[in-house]
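Undergrad:
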Amino acid sequence: MKTIDELLAEGVSGKRVFVRADLNVPLADGQITDDGRIRAVLPTVEALTGAGAKVIVASHLGRPKGAPDPAFSLLPAAERLGELLGKPVAFAQDTVGPAAHAAVDGLEPGQVAVIENLRFNPGETSKDDAERAAFADQLAALADVYVGDGFGAVHRKHASVYDLPARLPHYAGYLIATEVGVLQKLTEEVQRPYAVVLGGAKVSDKLGVIDNLLEKADRILIGGGMVFTFLKAKGYEVGASMLQEDQIPVVQEYLKRAEEKGVEFVLPVDVVVSGGFPDLKAKEPTHPDTVPADAIPAGQMGLDIGPATAELYAAKLADARTIFWNGPMGVFEHPDYAGGTRAVAQALLDSRAFTVVGGGDSAAAVRLLGFDENAYGHISTGGGASLEYLEGKTLPGLAALED
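Just add 16 to the spot in the sequence shown (first one is 1) and you have our numbering.
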């Protein structure tokens, strides 16, 4: 995999460089609520513009249905990119049409254009190889060189991620190089004890990574909505909590394998419950209760790990030398149910470990709860991509950057 440093050494002045970024930022009423992914691509864009490249930044945002949808426009992201760069950024209102070509043709060396959401074109996400290839051909006509830096999309076999690099000289940007280096530390060069904290809503989303980490981790700590399937698998009643009944046999098998391999599987000893899901907009007080994990009352919904569990998890992380955390411990967006996620975020900082926050909601939680993101070893921009790498899967976007 060639890196952007090799491209810069070859010289890019005056060349059109297509940067596949990940500007898939959360929006509320058209306003960006977390610009972490935009800031993550800045080193690559600044290095290219500083060397005189004409930079075309492309990304997806959300899940439009292969057609233009104003709710998913990249315009807010383009404007924020311009603010962070401290220079105007041109914006094209299409992907490969007249506006995109005009924006690129108007670039001077050192300038930047953002083209509209790639998923407005059905060829971007098509499962038909020929349709994807045709869109990749159109994208390739905009540029001379390809730089892959959208780590959050490298697990997708999409035109701009997988097909386009084959059509242009291709290089890995700084973000992808960093992310891959970090993931190698979690899979090939692990400092022990190695502790993994997994949360989030659905256990089915994490089965693959649990399966692979049973061969690598020393401890696995479970929280979030997925924990109730584990508690049910142990024979506990879980009230009205989130539950994936069909996954119980798989979870029981994993608990058995962990015991056989000497991997410590840590589940909550208490949980914070309420009679229903909280209103995340109003964030009114909900009067939660804390109950033992094996005694959740009927009709009550578990929404966070409890304070005793938070202490237990902090103790289990204290002596770790490597920690990977993916998924919040509860409904962190509401102050009544943020305690568990806050405790885990703090425990990572208090440890002497190499700490990796695995993207998605975990990264959002770190920022929302006011932690200094620079104090962690690494905050990933791609939760899904990180998990699939840790599952041992081949990621199409990384394979496409290899020669």
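Quick reminder that beta carbons are idealized off the backbone N, C-alpha and C, glycines included.
Going by CA-CA distance only, name the one from K250, V267, F244 and V266 that's closest to M258.
TA: F244
Undergrad: Report the three-state DSSP secondary structure of S290 (helix, strand or coil).
TA: strand
Undergrad: Count Cβ pairs between the stretch 135 to 143 and the stretch 372 to 379 that sit closer than 8 angstroms; are there 3 or more?
TA: By the Cβ criterion, the stretch 135 to 143 is not in contact with the stretch 372 to 379, since fewer than three pairs of Cβ atoms, one from each stretch, lie closer than 8 angstroms.
Undergrad: Mind checking which residues open and close the alpha helix (DSSP H) that includes L158?
TA: L158 -> no alpha helix (DSSP H), and no H or E assigned at all.
Undergrad: As a quick exercise: from L90, A381, I48 and G27, pick the residue whose alpha carbon is nearest that of A69.
TA: Cα-wise, what sits closest to A69 is G27.
Undergrad: Answer with buried or exposed for T410, where buried requires no fewer than 16 other C-beta atoms within 10 angstroms of its C-beta.
TA: exposed
Undergrad: Which residue marks the beginning of the beta strand (DSSP E) containing D320, and which one marks its end?
TA: M317 to I321
Undergrad: Have a look at K299 and A116 and give me their C-alpha separation to the nearest angstrom.
TA: 42 angstroms
Undergrad: First and last residue of the alpha helix (DSSP H) that includes E204?
TA: Where E204 is concerned, there is no enclosing alpha helix (DSSP H), given that its DSSP letter is neither H nor E.
Undergrad: Measuring straight from C-alpha to C-alpha, what distance separates A87 and Q207?
TA: Cα to Cα, the separation comes out at about 44 angstroms.
Undergrad: Flag this pair as yes or no: are the beta carbons of L191 and A56 separated by less than 8 angstroms?
TA: yes
Undergrad: Three-state secondary structure (DSSP) at L101?
TA: helix
Undergrad: Comparing C-alpha positions only, which one of P80, D85 and A157 sits nearest to G113?
TA: Out of P80, D85 and A157, A157 has the C-alpha closest to the C-alpha of G113.
Undergrad: Tell me D227's beta-bridge partners as DSSP assigns them.
TA: According to DSSP, which records beta bridges pairwise, D227 is partnered with nothing at all.
Undergrad: State buried or exposed for G292, treating a residue as buried only when at least 16 other CB atoms are found within 10 Å of its CB.
TA: exposed
Undergrad: Compute the beta-carbon to beta-carbon distance between G164 and R36, rounded to the nearest angstrom, for a pair I have assumed lies under 8 angstroms.
TA: 5 angstroms
Undergrad: Please go through the same chain and pick out, in chain order, the residues whose beta-carbon is closer than 6 angstroms to the beta-carbon of V254, but skip the five residues on each side of it.
TA: Within the same chain, V254 has close Cβ partners F244, L247, K248 and I312.
Undergrad: Considering only residues of the stretch 324 to 382, which uninterrupted beta strand (DSSP E) runs meet the minimum length of 3 residues and lie entirely inside it, listed in chain order?
TA: Runs of the beta strand (DSSP E) spanning 3 or more residues and lying entirely within the stretch 324 to 382 occur at 338 to 342 and 370 to 373, in chain order.
Undergrad: Output the distance between the C-alpha atoms of A108 and I131, rounded to the nearest integer angstrom.
TA: 5 angstroms
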